[in-house]
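Beneath this line is the structure, given in structure tokens, with notes to follow.
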Amino acid sequence: MIWLLLPLGTSRGLLPVGLSLVVLAVVCRLAELDVLFNLAKLLALTALGFWFLSYFETVAWAVLIAAIIPWVDALSVWRGPTEYVVSEQRGLLEDVSIGFRIPGEPTSASATLGPPDVLFFALFLAAADRFGLRVAWTWLAMTGLLGATLVLAATTDVAGLPALPAVAFGFLLPNADLLWRALRRRGRAPVRIYGRTDAAMFDLDADVLERTAGRIVLLTRERPPRNATVAFESERGRLTLADAEPLPVRVYDLPNGLVIAPYDESPAFVYDVHPEQLAADDAKVERLKRERS
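For the record, in the sequence shown the residue sitting at position 60 is 461 according to the working numbering, with numbers rising by one throughout.
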């Protein structure tokens, strides 16, 4: 289900949507609507995971979180809050966790995922989509490792197994080479929009959402982010940022990213901007190109 919700991962208002779904889950719990209660919890945690990702400016943050949470989760299951809830507060566990039936097993053997497990599953899958990683392989790896963990936990005498290691490694392993290259770029965004026109000065980081022969779809790293599209007409491109009018751009397609430089065909700002500033703008474009070469 989280895979199907990925197109909504960059939507606005994810926090209020997530909190509203939490309220809906509470109502379903009070009304003893168990199936809807489970579904509302799953949707709420997915929305909150997508919202949390909006604060990640680079993929390095996702890597850092993926490196930390397996150890935190393992400690929590062994001697921390999770161990206490599983052994002493079974009612609370059923209220906050997401239950899954295992085929061929009795209801008592149903597996459960805690709120952090679902939240980080949504976050890492959305991160793979946002930062141009292998989305399908990420989903398969996280689902496979998580499924194996759930089956092992439900069919053995173990009181509980940490699920976040499966989620974290499912994100890291299929994307290891891409993540390494991204970290070597020191977290630089793969796309930089930089240039001056009569209407505005552009200086934006962005990620590639979709790329075809005639179009590049971008998502800026502002808060909130904006969609941008570069459409190619013969040898030049035209950039449309959100709902603004299209403007001509020079697109530099480099080995480690793109530099997109908006410009005016008949600029008037050259008469108003100091020549040293214009020279500095040109120098910065060249530096951005070198960084991605």
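Just so you know, even glycine gets a beta-carbon here, dropped at the ideal spot from N, CA and C.
For residue i, list the residues DSSP reports as bridge partners.
i: Asn628; result: Leu620
i: Leu514; result: Ile499
i: Gly596; result: Phe603
i: Leu648; result: Leu640
i: Asp654; result: Leu659
Whole angstroms is fine: what's the gap from residue i's alpha carbon to residue j's?
i: Pro408; j: Tyr595; result: 27 Å
i: Val660; j: Asp673; result: 25 Å
i: Ala510; j: Asp530; result: Since pLDDT at Ala510 reaches only 49, below the 50 mark, its modelled position is unreliable, and no value is offered.
i: Arg430; j: Lys690; result: 55 Å
i: Phe457; j: Pro625; result: 12 Å
i: Pro663; j: Arg639; result: 8 Å
i: Glu692; j: Ser421; result: 43 Å
i: Ala527; j: Ile466; result: 14 Å
i: Met543; j: Thr630; result: 31 Å
i: Pro591; j: Asp682; result: 19 Å
i: Ala555; j: Ala607; result: 43 Å
i: Leu610; j: Arg627; result: 12 Å
i: Leu437; j: Leu574; result: 34 Å
i: Arg622; j: Leu605; result: 7 Å
i: Gly414; j: Val478; result: 33 Å
i: Phe603; j: Arg597; result: 6 Å
i: Pro647; j: Ala600; result: 12 Å
i: Pro676; j: Glu687; result: 17 Å
Taking only three categories from DSSP, how would you classify residue i?
i: Met602; result: strand
i: Glu687; result: helix
i: Ile403; result: coil
i: Pro663; result: strand
i: Leu562; result: coil
i: Leu642; result: strand
i: Phe457; result: coil
i: Phe532; result: coil
i: Glu677; result: helix
i: Gly410; result: coil
i: Glu433; result: coil
i: Arg693; result: coil
Based on Cα-Cα distance, which residue from the options lies nearest to residue i?
i: Val428; options: Leu415, Lys442 and Pro417; result: Lys442
i: Phe572; options: Leu620, Thr513, Ala461 and Leu655; result: Ala461
i: Phe633; options: Arg612, Glu623, Arg627 and Asp644; result: Arg612
i: Val519; options: Phe453, Glu623 and Asp606; result: Phe453
i: Thr513; options: Ala629, Leu562, Val650 and Arg637; result: Leu562
i: Ile641; options: Val618, Asn657 and Trp479; result: It is Thr, not Ile, that sits at residue 641 in the sequence shown. It is Val618 whose Cα lies nearest to the Cα of Thr641.
i: Val536; options: Gly548, Leu547, Phe522 and Ala549; result: Phe522
i: Trp404; options: Ser498, Thr539, Thr459 and Ile499; result: Thr539
i: Thr550; options: Leu580, Gly515 and Ala577; result: Gly515
Less than 8 Å between CB atoms is the rule here; does residue i satisfy it with respect to chain C?
i: Leu620; result: Reference to chain C is not applicable here, since this structure consists of a single protein chain.
Hey, is the stretch 444-455 in contact with the stretch 411-429, meaning 3+ C-beta pairs nearer than 8 Å? yes
Is the stretch 468-475 touching the stretch 567-584, taking contact as three or more C-beta pairs under 8 Å? yes
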